[in-house]
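Peer 1: Here it is: the structure, laid out below.
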């Protein structure tokens, strides 16, 4: 995409940056003090804000089924305990798996472009959830398929973190990535708080489970529009697939992976299962 030659649309004075059609930016170098203290810092923080919002919604969608399953019996569904746990666990499994390809999407399509796409993809599991939980006759297989689509929200974490990495200099990557991750993790907590309230508002003897998905649709559309209008693609964002494969041979990777299972993995797992 970024190989297509286009005329520069904007060249900030003395920054070394060149804007091209589609909000592509050439010459990005956050390590250049002049560029960073000029237009660089403001641009990076603007992209970070919209990245946090989009990732926040990704986590919301990822956790929806762990909240909804609690109310399925009241809505007329008759699923076994085993089936309930499948509906809880399949989004986590799909989301974790999608993180592998999502990591490389930013370099392939651009951070802005992929944020737009990944945000709009969240409309599929949210609207799908609203449809299937509104009909107690929906088969378990259909429910499981729609629950699996919620894993799209889990994949957003990888692409979002990869994108923000390119925007900040080494000395500021830590806090930027920390804020980005925190914004996403907050989505899990907010969903746990908001959804139970939303599905019971105006419901006398039953719950309106369809709202669990539909209340997030307007925010997802805002996130996609915000990314389109306010985020940027960096032409020098590159991914090293060979390097990622080589890292598998490094023992420290597996130590960190084990720690990750005990920290982030436990957070997601406990947040889902304890709710049920």
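Residue numbers (our numbering): 2 to 277. Note that CB positions come from ideal geometry on N, CA and C, so glycine has one too. On a predicted model such as this, the values are computed, not experimentally measured, just so you know.
CB residue 234 to CB residue 112, shorter than 8 Å?
Peer 2: Yes, the Cβ-Cβ distance between residue 234 and residue 112 is below 8 Å.
Peer 1: CB-CB under 7 Å to residue 237, same chain, minus the five flanking residues each way: which ones, in chain order?
Peer 2: Cβ neighbours of residue 237 beyond the five flanking positions: 29.
Peer 1: Suppose the cutoff is 7 Å on Cβ atoms and the five residues either side in sequence are ignored; what does the same chain contact list for residue 260 look like?
Peer 2: If we look at residue 260 and ignore the five residues flanking it on each side, it has no Cβ neighbours.
Peer 1: So does the segment 136-153 actually touch the segment 77-92, counting three or more Cβ pairs closer than 8 Å?
Peer 2: With a cut-off of 8 Å, the segment 77-92 and the segment 136-153 count as touching, because enough Cβ pairs lie within range.
Peer 1: Which residue wins for smallest C-alpha separation from residue 190, given the options 209, 60 and 41?
Peer 2: Looking at the Cα atoms, 60 is the closest of the given residues.
Peer 1: Can you tell me whether residue 168 is buried or exposed, with buried defined as 16 or more other CB within 10 angstroms of its CB?
Peer 2: It is buried - the Cβ of residue 168 has at least 16 other Cβ atoms within 10 Å.
Peer 1: Can you tell me the Cα-Cα spacing of residue 78 and residue 130, whole angstroms?
Peer 2: Rounded to whole angstroms, residue 78 to residue 130 spans 14 Å at the Cα level.
Peer 1: In three-state terms, what does DSSP make of residue 25?
Peer 2: Strand at residue 25.
Peer 1: Tell me, to the nearest whole angstrom, how far the beta carbon of residue 296 is from that of residue 198; I am working on the premise that it is less than 8 Å.
Peer 2: The first residue shown for the chain is 2 and the last is 277, placing residue 296 beyond what the model contains.
Peer 1: Classify residue 187 as helix, strand or coil using the three-state DSSP reduction.
Peer 2: Helix.
Peer 1: How is residue 262 classed by DSSP in three states: helix, strand or coil?
Peer 2: Here residue 262 sits in helix by DSSP.
Peer 1: Can residue 159 and residue 103 be called in contact, C-beta distance under 8 Å?
Peer 2: Yes; because the gap between Cβ atoms is below 8 Å, this pair is in contact.
Peer 1: Please report the residue range of the alpha helix (DSSP H) in which residue 80 lies.
Peer 2: First-last for residue 80: undefined, no H or E at that position.
Peer 1: For residue 20 and residue 116, what's the separation of their Cα atoms in angstroms?
Peer 2: Near 19 Å, if we compare the C-alpha coordinates of residue 116 and residue 20.
Peer 1: Measuring alpha carbon to alpha carbon, tell me which residue in 125, 64, 73 and 200 is nearest residue 97.
Peer 2: Among 125, 64, 73 and 200, the Cα nearest to that of residue 97 belongs to 64.
Peer 1: Spatial neighbours of residue 56 within its chain, please: CB distance less than 7 Å, with the 5 preceding and 5 following residues excluded, ordered by chain position.
Peer 2: Around residue 56: 157, 158, 161, 181, 184 and 185.
Peer 1: For residue 264, count neighbouring C-beta atoms within 10 Å of its own C-beta (all shown protein chains included) and say buried if the count is 16 or more, exposed if not.
Peer 2: Residue 264 is exposed by the Cβ-count criterion.
Peer 1: Taking only runs that begin and end inside the segment 203-233, name each unbroken alpha helix (DSSP H) of 4 or more residues, in chain order.
Peer 2: Segments of the alpha helix (DSSP H) lying fully in the segment 203-233: 212-215 and 218-231.
Peer 1: Mapping DSSP to helix, strand and coil, what is residue 73?
Peer 2: Correct three-state label for residue 73: coil.
Peer 1: Rounded to a whole number of angstroms, what is the C-alpha to C-alpha distance between residue 67 and residue 213?
Peer 2: Whole-angstrom Cα-Cα distance: 11 Å.
Peer 1: Look at the Cβ atom of residue 134, then the Cβ atom of residue 210, and state whether they are nearer than 8 Å.
Peer 2: Going by C-beta atoms, residue 134 is nearer than 8 Å to residue 210.
Peer 1: Please state whether DSSP places residue 95 in a helix, a strand or coil.
Peer 2: Residue 95 falls in the helix class under three-state DSSP.
Peer 1: Roughly how many angstroms separate the alpha carbons of residue 49 and residue 228, rounded to a whole number?
Peer 2: Answer to the nearest angstrom: the Cα atoms are 10 Å apart.
Peer 1: Below 7 Å CB to CB, which residues in the same chain sit around residue 200 once its five sequence neighbours on both sides are set aside?
Peer 2: Within the same chain, residue 200 has close Cβ partners 72, 208, 209, 210, 212 and 213.
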